[in-house]
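Novice: Top to bottom, those sequences are chains A and B.
As numbered in this note's numbering, residues 1 to 308 make up the first sequence, in order.
As numbered in this note's numbering, residues 309 to 566 make up the second sequence, in order.
Glycine included, C-beta positions come from ideal geometry on N, C-alpha and C.
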Amino acid sequence: MTALTIDNLHKTYRNGFEALKGISLKVQAGDFFALLGPNGAGKSTAISIIASLVNKSSGSISIYGHDLSEDREAAKRLIGLVPQEFNFNMWEPVVEILVNQAGYYGIPRKLAFERAEIYLKQLDLWEKRGTQARWLSGGMKRRLMIARALVHQPRLLILDEPTAGVDIEIRRSMWRFLQEINAKGTTIILTTHYLEEAESLCRNIAIIDHGKIIEQTSMPRLLSQLNTETFVLNLGNPLEAVPDLASYRVKLQDTETLEVEITREQSMNDLFDRLSQLGITVTSMRNKQNRLEQLFIDLVDRSKREAP
Amino acid sequence: MKPWGLYAIALRTIVTKEILRFMRIWVQTILPPAITTTLYFVIFGKLIGERIGEMEGYSYIDFIVPGLILMSVIQNSYANVVSSFFSTKLQHYIEELLISPVPNWVILGGYVVGGVARGTLVGVVVTVISLFFTDLQINSYSLTLLVFVLTSVLFALAGFINAVYATTFDDISIVPTFVLTPLTYLGGVFYSINLLPSFWQDVSLINPVLYMVNAFRFGILGVSDIEIAVALGIILGFIGLLTLFSLMLLARGVGIKN
Ligand SMILES: Nc1ncnc2c1ncn2[C@@H]1O[C@H](COP(=O)(O)OP(=O)(O)OP(=O)(O)O)[C@@H](O)[C@H]1O
Ligand SMILES: [Mg+2]
C-alpha cells in the first residue's frame with residue numbers, strides 16, 4: 001500500500017515564482033522516508049500542499065488511496081503535520097492546544113484530554129500542560145507541535161525540520177520516539193538538514209533541488225553510490241613527510257594526522273598492511289565527512305551544473 | 309452520509325474557544341460598550357433628551373434605547389469576528405483548522421456563532437443598563453429577538469469578510485470607523501427619518517442599517533419608519549449574500565492560503 005502518492009505536482013506562487021516544477025513521489029506505508037534538499041528547494045512548499053495549507057497549481061496527491069481533492073476529508077484525517085514554523089496560539093495553554101486540535105477532528109473532549117495526556121507525557125511536556133505556549137522554550141515548542149500532530153492518531157506523519165534548534169539529548173529522545181511510532185505502523189516523512197539524522201533514521205530518500213526531484217532511492221543503494229571515502233587517521237608517531245602508500249591517495253593534515261582516500265575497489269586490509277610495513281601506528285580512525293553528506297553535495301552540485 | 313456528529317464537536321470546539329477568548333479579555337470586549345452606552349443614556353437620553361421632548365409619540369430616551377441596543381450588537385458582533393479571525397491568520401494558527409477535516413461552513417459557523425455570542429452578551433448588558441433609565445415595554449418578543457439575532461449574524465459575517473481581506477491592523481479598523489459607524493449613526497438610531505427632508509429620506513433608504521434599527525424598534529415600541537416585512541427581507545437577503553461570499557472566499561483560500 002502506498003501511503004503517499006504525488007503525481008506531477010506544480011506550484012507557482014502568486015509572485016510568479018515556480019517553486020515546484022513537476023514532482024512525482026511514492027512513499028510506501030510503514031516507511032521512514034527522508035525528503036532532503038538545500039534551502040529553498042521546495043520541501044516546505046510540497047509539504048504545505050500535502051497538508052492543505054497551500055494551494056497547488058496542478059498535479060494530484062493521494063493519501064492511502066484517498067485523493068486529496070476528491071476525497072478531501074478522508075485524506076485529511078490520515079495526515080499529521082509538524083510544520084517548520086511555530087503555528088499555534090501563543091496565548092493558549094499547552095493542553096488546550098492539543099484538545100482544540102483534536103476537537104477539529106471531531107474527537108470528543110474527554111477522549112481528547114486522555115490523548116493529550118498520553119502524548120504530552122511521551123514528549124515530556126506534561127509538567128507544562130497549563131503553561132501558555134509562549135512561555136515554552138524552542139525545543140519544547142517543537143515537541144508541542146509533535147504532540148499536536150499526533151492527537152488524531154494519523155497514519156502518515158510529516159515532520160518539517162522537527163529537530164532544528166533542539167539539543168542533542170532531546171534530539172536523540174525524539175529519534176527514539178519517532179522510531180517507536182514508526183515501528184507501530186505510522187508512516188513518517190522527515191525533512192532535515194542534519195544528514196546523519198536522515199542516514200540513521202530513514203530507509204528511503206528523495207532529494208529535491210530547485211523544485212525538482214533529483215534522486216529517489218533507498219538509503220543503502222544511495223550510500224553504495226559513493227565511489228570514494230576519505231578517512232582521517234590519527235597516528236601514534238609523528239611523520240616528517242607524506243608516506244608512500246602505493247595506490248592510495250594520501251595527504252598529511254599535520255604531522256600526526258593522515259588523510260587517506262579509498263576507492264570502492266580498494267580494501268582497508270591492504271592499507272593497514274602497508275602502514276604496518278612502514279612502521280606507522282594508527283591510534284584511531286574516522287570518516288572525514290558523513291557519507292550521506294558527501295553524496296548529497298555531489299548530487300546537488302551535479303544538478304546545478306546540468307540545469308544552471 | 310456526512311459525519312454530522314464530528315462536525316458538531318468541531319463547531320462546539322471553535323465556539324467555545326471564541327467565547328473563552330472574549331471572556332478572558334472582558335475589560336476590552338464587554339466593559340467599553342457598557343460604559344459608552346451608559347454615557348449615551350445619561351447624556352442623550354436624560355440631559356438632552358428631556359429638552360427634545362417626544363419622537364414618534366415616545367419620550368426621546370424610549371425612542372433611542374432600541375437603536376442603542378442594536379448599535380452595540382452590531383459593533384460587537386463585528387468586532388469579535390474581525391479581530392479574532394485576523395489574529396488567527398496573523399499568528400498562523402489558522403493552519404490548525406486548514407489541516408484538519410473541518411468543512412469550511414463549520415469554520416464560518418463557529419466564528420459567526422462566536423460573534424453572535426459576544427453581540428448577545430453585550431446587547432443584554434446594554435439592555436439591563438437601559439432599565440435603570442426607562443421602563444422597557446416590549447411590543448413583540450419574537451420579532452425583537454429575531455431581529456436581534458439576525459442583525460448579529462449579519463455583522464458577524466461582515467466582520468469575517470473584513471478579516472479575510474485584512475493584512476494589517478489598520479485594515480481591521482478602517483471598515484468599522486469609516487463604514488460601520490457612519491451607517492449606524494445615519495441609520496436612524498438617534499432620530500426618525502421623518503425628520504429629514506424628503507431627499508435625505510430617500511437617501512437613507514439605501515442604508516441597510518436603517519431597516520434593522522427600525523425593525524428592532526418596531527419589535528420593542530411598535531413604531532417603525534418602514535415596512536417590517538421589507539426590513540426582514542433585506543436582512544435575510546444580506547445574510548444569504550454574505551454567507552455565500554464568505555464560503556466562496558474560504559473555498560478559494562483568499563487571504564488564507566498561498
Ligand atoms: N509565499 C511565497 N511566495 C513566493 N515565494 C515563496 C513563498 N513561499 C516560499 N517561496 C519560495 O519558494 C521556494 C521554496 O521554498 P520552501 O520553503 O519550499 O523551501 P524549503 O525547501 O523548505 O527550504 P528550507 O530548507 O530553507 O526550509 C523558495 O525560493 C521560497 O523563496
Ligand atoms: Mg522548509
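1) Would A:Leu190 and A:Ala29 qualify as a contact pair, given that the criterion is a beta-carbon distance under 8 Å?
2) Please name the residue, chosen from B:Tyr368, B:Asn384, B:Asn470, that lies closest to B:Leu550 on a Cα-to-Cα basis.
3) How would you list, in chain order, the residues of chain B whose beta-carbon sits under 9 Å from the beta-carbon of A:Ala51?
4) Please name the residue or residues paired with A:Asn370 in a DSSP beta bridge.
5) How about A:Glu70: is its C-beta nearer than 8 Å to some C-beta of chain B?
6) For ligand 2, which residues have a Cβ under 7 Å from at least one heavy atom, in chain order?
7) Taking C-alpha atoms, which residue in B:Leu319, B:Trp312, B:Leu339 lies nearest to B:Val433?
8) What residue range does the beta strand (DSSP E) around A:Val27 cover?
9) Taking the straight line between their C-alpha atoms, what separation do you get for A:Leu4 and A:Asn87?
10) Determine which residues of the stretch 408-436 of chain B have a Cβ less than 8 Å from any Cβ of chain A, and write them out in chain order.
11) Can you give, in chain order, each stretch of the alpha helix (DSSP H) that sits fully within the stretch 477-504 of chain B and has at least 4 residues?
12) For A:Asp209, report the span of its beta strand (DSSP E) as first-last.
13) Could you list the residues in the stretch 72-91 of chain A with a C-beta less than 9 Å from some C-beta on chain B, going in chain order?
14) When you compare each of A:Pro108, A:Gly42, A:Phe296, A:Val151 to A:Ile205 by their alpha carbons, which one comes out closest?
15) Against chain B, with Cβ distances strictly below 8 Å, would A:Val95 count as a contact?
16) So, with DSSP's three-state summary, where would you put A:Ala133?
17) B:Pro409 and A:Tyr13: beta carbons closer than 8 Å?
18) Between A:Glu306, A:Ser48, A:Asp71, A:Phe17, which has its C-alpha nearest B:Lys310's C-alpha?
19) Relative to the alpha-carbon of A:Gly16, which residue among A:Ile208, A:Ser57, A:Ser48 has its alpha-carbon at the smallest distance?
20) Taking the beta strand (DSSP E) that B:Ser255 falls in, what are its first and last residues?
21) Mind checking A:Met331: buried by the 16 CB within 10 Å criterion, or exposed?
22) Using alpha carbons as the reference points, say which of B:Met379, B:Gly422, B:Leu406 lies closest to B:Ser391.
23) What separation, rounded to the nearest whole angstrom, lies between the Cα atoms of B:Met520 and A:Ala149?
24) Could you compute how far the alpha carbon of A:Ile49 sits from the alpha carbon of A:Asn55?
25) Counting Cβ pairs, one atom from each stretch, are 3 or more of them under 8 Å apart for the stretch 253-272 of chain A and the stretch 328-342 of chain B?
26) For B:Pro490, count neighbouring Cβ atoms within 10 angstroms of its own Cβ and tell me buried if that reaches 16, exposed if not.
27) Cβ of A:Pro220 less than 8 Å from any chain B Cβ?
28) Classify A:Ile79 as buried or exposed, calling it buried when 16 or more other Cβ atoms lie within 10 Å of its own Cβ.
29) At what residue ranges does the stretch 326-386 of chain B contain a whole run of the alpha helix (DSSP H), taking only runs of 4 or more?
Specialist: So, to answer that:
1) Within the first sequence, numbered from 1, the residue matching residue 190 of chain A stands at position 190. Within the first sequence, numbered from 1, the residue matching residue 29 of chain A stands at position 29. Against a cut-off of 8 Å, the Cβ pair of A:Ala29 and A:Leu190 comes out as no contact.
2) By one-based count along the second sequence, residue 550 of chain B stands at place 242. Distance check between B:Leu550 and each of B:Tyr368, B:Asn384, B:Asn470 places B:Asn470 closest, using alpha-carbon atoms only.
3) Within the first sequence, residue 51 of chain A is the residue found at index 51, counting from 1. Those are Glu403, Leu406, Ile407, listed as they occur along chain B.
4) For residue 370 of chain A there is no data in the structure shown, the boundaries of chain A being 1 and 308.
5) Working through the first sequence from its first residue, we reach residue 70 of chain A at position 70. Taking a beta-carbon distance threshold of 8 Å, A:Glu70 does not count as an interface residue toward chain B.
6) With 7 Å as the limit between CB and the heavy atoms of ligand 2, the residues that fall short of it are A:Lys43, A:Ser44, A:Gln84, A:Asp160, A:Glu161, A:Thr191.
7) For the purposes of this step, residue 433 of chain B is taken as the residue at position 125 of the second sequence. Looking at the Cα atoms, B:Leu339 is the closest of the given residues.
8) By one-based count along the first sequence, residue 27 of chain A stands at place 27. For A:Val27, the enclosing beta strand (DSSP E) starts and ends at 18-28.
9) In the first sequence, residue 4 of chain A corresponds to position 4, counting from 1. In the first sequence, residue 87 of chain A corresponds to position 87, counting from 1. Per the coordinates, the alpha-carbon of A:Leu4 lies some 24 Å from the alpha-carbon of A:Asn87.
10) Across the stretch 408-436 of chain B, CB contacts with chain A closer than 8 Å involve Ser408, Pro409, Val410, Pro411, in sequence order along the chain.
11) Within the stretch 477-504 of chain B, the complete alpha helix (DSSP H) runs of at least 4 residues are 479-483, 489-493.
12) Taking the first sequence and counting its residues from 1, one reaches residue 209 of chain A at position 209. Annotation: the continuous beta strand (DSSP E) that includes A:Asp209 extends over 204-209.
13) The residues in question are Arg72, Glu73, Ala74, Ala75, Lys76, Arg77, Ile79, Gly80, Leu81, Pro83, Glu85, Phe86, Asn87, Phe88, Asn89, Met90, Trp91.
14) For this step, residue 205 of chain A is matched to residue 205 along the first sequence. Nearest to A:Ile205 by C-alpha distance, out of A:Pro108, A:Gly42, A:Phe296, A:Val151, is A:Phe296.
15) Translated into positions along the first sequence, residue 95 of chain A becomes position 95. Chain B contact via Cβ: absent.
16) The sequence position of residue 133 of chain A within the first sequence is 133, counting from 1. Looking at A:Ala133 - three-state DSSP - the assignment turns out to be helix.
17) Translated into positions along the second sequence, residue 409 of chain B becomes position 101. Translated into positions along the first sequence, residue 13 of chain A becomes position 13. A distance of 8 Å or more separates the beta carbons of B:Pro409 and A:Tyr13.
18) In the second sequence, the residue the question calls residue 310 of chain B occupies position 2. If we check each option's Cα against that of B:Lys310, A:Asp71 comes out closest.
19) On the first sequence, position 16 is the one that residue 16 of chain A refers to. The shortest C-alpha separation from A:Gly16 is found at A:Ser57.
20) Nothing can be reported for residue 255 of chain B, as the shown portion of chain B is limited to 309 through 566.
21) The structure shown does not extend to residue 331 of chain A, since chain A is modelled only from 1 to 308, so the question has no answer here.
22) Counting from one through the second sequence, the residue named residue 391 of chain B turns up at place 83. For the residues B:Met379, B:Gly422, B:Leu406, the minimum Cα distance to B:Ser391 belongs to B:Gly422.
23) Looking up residue 520 of chain B in the second sequence gives position 212. Looking up residue 149 of chain A in the first sequence gives position 149. Here the alpha carbons of A:Ala149 and B:Met520 stand approximately 45 Å from one another.
24) Within the first sequence, numbered from 1, the residue matching residue 49 of chain A stands at position 49. Within the first sequence, numbered from 1, the residue matching residue 55 of chain A stands at position 55. Their backbone Cα atoms lie some 6 Å apart in a straight line.
25) Three or more beta-carbon pairs separated by less than 8 Å are not found between the stretch 253-272 of chain A and the stretch 328-342 of chain B, which leaves the two stretches without contact.
26) Along the second sequence, read from residue 1 onward, the residue named residue 490 of chain B stands at position 182. Counting Cβ neighbours within 10 Å, B:Pro490 comes out exposed, since fewer than 16 surround it.
27) As a first step, residue 220 of chain A is located in the first sequence; it is residue number 220 there, counting from the start. It does not; no Cβ of chain B falls within 8 Å.
28) Working through the first sequence from its first residue, we reach residue 79 of chain A at position 79. The residue in question, A:Ile79, is buried, as its Cβ has 16 or more Cβ neighbours within 10 Å.
29) Segments of the alpha helix (DSSP H) lying fully in the stretch 326-386 of chain B: 334-337, 339-348, 357-360.
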